[in-house]
Structures are given as structure tokens and as C-alpha cells.
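Enquirer:
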Amino acid sequence: MTGQCAEAISATEVKIDNIVAKAYGDEGEATITADSGIYDKAKNNVRLQTNVKATIQTTEGVNAGFLDAGKDGKGAANKAGPLPGGEKKKNNTVITCDGDVQFDYENNIAYFNKNVVVVTDDGTIIADMITVNLDPDSKKLKTIVAEGNVKIFKENNTIYSERATYIEADKKIILSGKPKIILDSQGGADTNIFGSA
118 MTGQCAEAIS ATEVKIDNIV AKAYGDEGEA TITADSGIYD KAKNNVRLQT NVKATIQTTE
178 GVNAGFLDAG KDGKGAANKA GPLPGGEKKK NNTVITCDGD VQFDYENNIA YFNKNVVVVT
238 DDGTIIADMI TVNLDPDSKK LKTIVAEGNV KIFKENNTIY SERATYIEAD KKIILSGKPK
298 IILDSQGGAD TNIFGSA
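Mind the numbering: the sequence shown is residues 118 to 314 in my numbering, read in order.
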């Protein structure tokens, strides 16, 4: 993580301006920017503030799961595999929000707050709050929980609910809180909000 300037604001907290954080892994890379943030050494967490933007580029459909869960009942939509010529498909995800973003490294959780918008190559998710949980050992995605006024847009289809939980291991979404699904009538009998076979 880099920043333009840093200022100690307490014995355990450091305020950082113009943050750029990058993370790299076998399955992709992430860049997170923010106008400011506070790193708490005692709690080992970072709270980003103002104009927070996370840009994630993954290969083989790693980030597509939330919008493509259940394509064939086995999550095959998440395994895009190599393209002709041996190249792997790259997927882009951009997450923005109006509130703070908190990364709790000890508990492997990230919280995105207030008017969260997730835009992927496959669609858009809007919610009041999104919580991303990582597996403590592998640091890979475990669950994504979208809460409060959840809207999921894919093609011309829309899902509304108060809560949507994506479970990576099962490649499925659980909707709760008055779920409502609106399917595009132009799509015919094969229309499927989670992907087409």
C-alpha cells in the first residue's frame, strides 16, 4: 500500500492520504484506491474513506460467480477456461461505494458500506452494504453477502431482495427478505438470470 502522505493520529493509528493498494495472486490482481484511510496497527485493519474504488481483474471466471451461480447446477459458469490459442479469459470487477470500506485482516473480511455498486462483465449488483469473506487459510473467496435494497441486474433480468448471499463452495445464491425476480419476456423459455445453458 502506498500513499501521498501519512500522519500518526494516535499511538496505534496512522492516517494515509491518496492511497493506492495492489494485491497479486495466481488468479488475478486487485487495485484499490481511496482519497484517505486509517490504518489501525493494534487491530490490523484498514478503513478507507472517500472515493473508494476497487478494481479486480481475474482469470477463468473467478469473480463471475455472484452473477452466474447455478448456470448448470454445478457452477460451470465460473470455469470459463482457456480461450482458443491457450489464453485465459480475463474478467473485470469494479466496486465503488459512498461510505467507508473496512478491511479486517485478522478475520479475513472486507466491508463495503453505503450505496455499494459492483459492476462485472456479466452484470451489476447494488446494495446498501456488501461483506466479502475470505477463507482464512487459502485467502480465496468464501462468501459475498449483499444487504439492504439489493438489486442484481444481468442482461434484461432483475433480482430484488433485502439480502443475497453467494456461497463460493456451492456456487449458489440464497435470496432472503421478500425476493422478487423479473425475467425478460423477450428471452423466451431459456431465459435464466443466473446464466443460460
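Glycine included, every Cβ here is placed at the ideal spot set by N, Cα and C.
#1: Going by C-alpha distance, which of I242, T248, G154 and I276 is nearest T210?
#2: Where does S302 sit, in a helix, a strand or coil, going by DSSP?
#3: What are the start and end residues of each continuous alpha helix (DSSP H) run of 4 or more residues lying completely inside the region 203-291, in chain order?
#4: My assumption, with CB atoms under 8 Å, is that A138 sits in contact with I173. Please give the rounded CB distance.
#5: From P253 to M246, what distance separates their C-alpha atoms?
#6: Leaving aside the five residues before and after I226 along the sequence, list all residues of the same chain whose C-beta is less than 6 Å from its C-beta, in chain order.
#7: Tell me the DSSP secondary structure of G145 in three-state form.
#8: Please state the DSSP three-state secondary structure of A151.
#9: Enumerate in chain order the residues of its own chain whose CB-to-CB distance from D215 is below 7 Å, with the five nearest sequence positions on each side excluded.
#10: Within 10 angstroms of the Cβ of K295, are there 16 or more other Cβ atoms? Answer buried if so, exposed if not.
#11: Taking the alpha-carbon positions, what's the T161 to E223 distance?
#12: Assuming the contact rule is C-beta atoms closer than 8 Å, T275 and I299 should be a hit. Round their C-beta distance to whole Å, please.
#13: My assumption, with CB atoms under 8 Å, is that E285 sits in contact with V267. Please give the rounded CB distance.
#14: For S127, which of helix, strand or coil comes out of DSSP?
#15: How far does the beta strand (DSSP E) with N162 in it reach, from first residue to last?
Expert: With the structure as the only source:
#1: I242
#2: helix
#3: none
#4: Not really, about 12 Å apart at Cβ, beyond 8 Å.
#5: 22 Å
#6: N250
#7: strand
#8: strand
#9: K231 and N232
#10: exposed
#11: First, the residue type needs correcting, since residue 161 is Asn and not Thr in the sequence shown. Approximately 6 Å between the Cα atoms of the pair.
#12: 5 Å
#13: Contact doesn't hold; Cβ gap of about 18 Å is too wide.
#14: coil
#15: N162 to Q166
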